[in-house]
Amino acid sequence: MLTADLLERTAPLYERVRTVIPAMEWPVFAEDIDAILALKKQRNAVILAHNYMTPEIFHCVADIVGDSLALAREATKVDADVIVLAGVHFMAETAKMLNPQKKVLIPDSRAGCSLAESITAADVRLMREKHPGVPIVTYVNSTAAVKAESDICCTSGNALKIVESLGVDTVIMLPDEYLAKNIAAQTKVKVLTWAGHCEVHERFTAADVRTLRAENPGVIVLAHPECPPEVVAEADYAGSTADMSAFVGREQPAKVVLLTECSMADNVCVNHPKVSFVRPCNLCPHMKRITLPKIRHALETMTEEVTIDPVLMERARRSVERMLEVK
Ligand code: 13P
Ligand code: SF4
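First residue of the sequence shown: 1055, per my numbering; consecutive thereafter.
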């Protein structure tokens, strides 16, 4: 129940998000936030949240936030008994692979990803048959079954480093065609691609960038490397969600646009009040399935638990661990 006590307890949290959540809406969130904070203690649980979570999740209940790479790295260090992954299913699977002993919960197991859905394990086996001896670098936005058929994983934050670490002249990069092409533009390594796309980032066009610049003189354009290559070519900088956030912190541009999912700008702007954000963002319907009431429900009922076949998990983990070993 929403009491004066509860509102007082959660008031310091509201201070963090007051620029992005209207005061009128706060009572809707405060009760769930208060309950989640208590449940985390009771269950000895931590919440790992991706940069695309809404601000009340990202700033008010998460213990660890970041891009896919940071979440995978941090998942190896978790001490708690329970991990709640506030993100999409492949992220929860990665956390489980790296913590097979722990209970990993996802607040809505339907939170998928168009990239993960674009390829199957059988497709990867066919690619290997077609290109014998060519290493397969698989984006973490993929299922455990696909990771299990791969040689090494990568994220948008380390893809170039991973490709170049292999010491070969050709690699296969699955499943994101645009990430693969954006990496190919930065290396001498030949990159063979797959036709998977992120349904959020593929919608940005080069014409959008030109319009943005015309309408917002001086704006700095940051793009996620899942955007089409012609968008990245017109942007001032391309990087993972963590890289974009770090860019804003470091450069403090007067005016910036993040060509990515909508919650990114909400989360980043909270920490940089002097930066003005232009917001032509796209929503990820999968990320948006994760809400405060569902996180609360996950901790109350200890569902939905992420499970992976142990043999498959072992093979998939090898691809993720190889990635984490590349310094
Ligand atoms: P990051 O690894 O850059 O956070 O990207 C994950 C993702 O799903 C982007 O759409
Ligand atoms: Fe997948 Fe794109 Fe959503 Fe990221 S933003 S989870 S890549 S659909």
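Glycine included, C-beta positions come from ideal geometry on N, C-alpha and C. None of the values given here were measured: they were computed from a predicted structure.
In this structure, residue 1206 lies near residue 1373, with their beta-carbon atoms less than 7 Å apart. With a threshold of 16 other beta carbon atoms within 10 Å, residue 1121 meets it and is buried. Within the DSSP secondary-structure output, residue 1332 pairs in a beta bridge with 1311.
Three or more Cβ pairs closer than 8 Å define a contact, and the stretch 1249-1261 falls short of that threshold against the stretch 1211-1224. At the C-beta level, residue 1165 and residue 1344 come within 7 Å of one another.
By the criterion of a C-beta distance shorter than 7 Å, residue 1124 is surrounded in its chain by 1296, once the five residues flanking it on both sides are discounted. With respect to residue 1149, residue 1138 sits apart: the two C-beta atoms are not nearer than 7 Å. Within the same chain, Cβ atoms closer than 7 Å to the Cβ of residue 1302 are found at 1310, 1322, 1326, 1329, the five residues on either side in sequence being excluded. A heavy atom of ligand 2 is found nearer than 6 Å to the CB of residue 1340.
In the structure shown, residue 1104 adopts extended strand secondary structure according to DSSP, grouped into three states.
Annotation: the stretch 1093-1178 contains the following complete segments of the alpha helix (DSSP H) (minimum length 4 residues), in chain order: 1109-1112, 1122-1129, 1143-1152.
Taking residue 1290 as the centre and dropping the five residues before and after it, the same chain places the C-beta of 1274, 1275 closer than 6 Å to its C-beta, in chain order. With a beta-carbon spacing of about 5 Å, residue 1292 and residue 1279 fall inside the 8 Å limit used to define contacts. Separation of the CB atoms of residue 1089 and residue 1061 is rounded to 14 Å, and the pair is thereby denied contact status at 8 Å. Scanning the stretch 1194-1282 from its first residue to its last, the whole beta strand (DSSP E) runs of 3-plus residues come out as 1206-1208, 1224-1228, 1244-1247, 1274-1277. When 1272, 1112, 1253, 1131 are compared, the shortest CA-CA separation from residue 1282 is found for 1253. Under the 10 Å beta carbon count, residue 1379 is surrounded by fewer than 16 other beta carbons and is classified as exposed. Assignment of residue 1358 by DSSP, reduced to helix, strand and coil, places it in the coil class.
A distance below 7 Å separates the beta carbons of residue 1370 and residue 1201.
Going by beta carbons, residue 1170 and residue 1196 fall inside the 7 Å limit.
The continuous alpha helix (DSSP H) containing residue 1303 extends over residues 1295-1305.
Residue pairing for residue 1191: DSSP places it in a beta bridge opposite 1206, 1227. Residue state for residue 1292 is assigned as strand, using DSSP reduced to three classes.
Per DSSP, the unbroken alpha helix (DSSP H) holding residue 1066 starts and ends at 1058-1071. DSSP places residue 1370 inside the alpha helix (DSSP H), whose first and last residues are 1364-1379.
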